[in-house]
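Numbering of the sequence shown is given in our numbering, commencing with residue 1 and proceeding in unit increments.
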Amino acid sequence: MGVYVLTVFEKDGSKALDESFEAATEKEAKAKGESILQEKGLHEKTHRCTSTAGKLVLFQR
1 MGVYVLTVFE KDGSKALDES FEAATEKEAK AKGESILQEK GLHEKTHRCT STAGKLVLFQ
61 R
């Protein structure tokens, strides 16, 4: 299991969300990140999901 960090930004650059979660694969991490965004109503804000190795898994500007 890898650890991934989902970060959501406001228009002024401040963080609206900074949450870690575990996933077995990058594909699972992307799906889990998208699910968290939908649940919290943050899917339309700028966001990114990265692995602990720094790899970008999900990004929307």
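Glycine included, every Cβ here is placed at the ideal spot set by N, Cα and C.
These numbers come from a predicted model, not from an experiment.
Asked, Found
"Cβ-based burial, residue 56 [other Cβ within 10 Å; buried from 16]", "exposed"
"Collapsed DSSP secondary structure at residue 30 in the structure displayed", "helix"
"Residue 4 versus residue 23 - alpha carbon distance", "7 Å"
"Anticipated Cβ contact below 8 Å, residue 18 with residue 25, distance rounded", "About 22 Å separates the two Cβ atoms, so there is no contact after all."
"Contact check, residue 42 vs residue 16, beta carbons under 8 Å", "yes"
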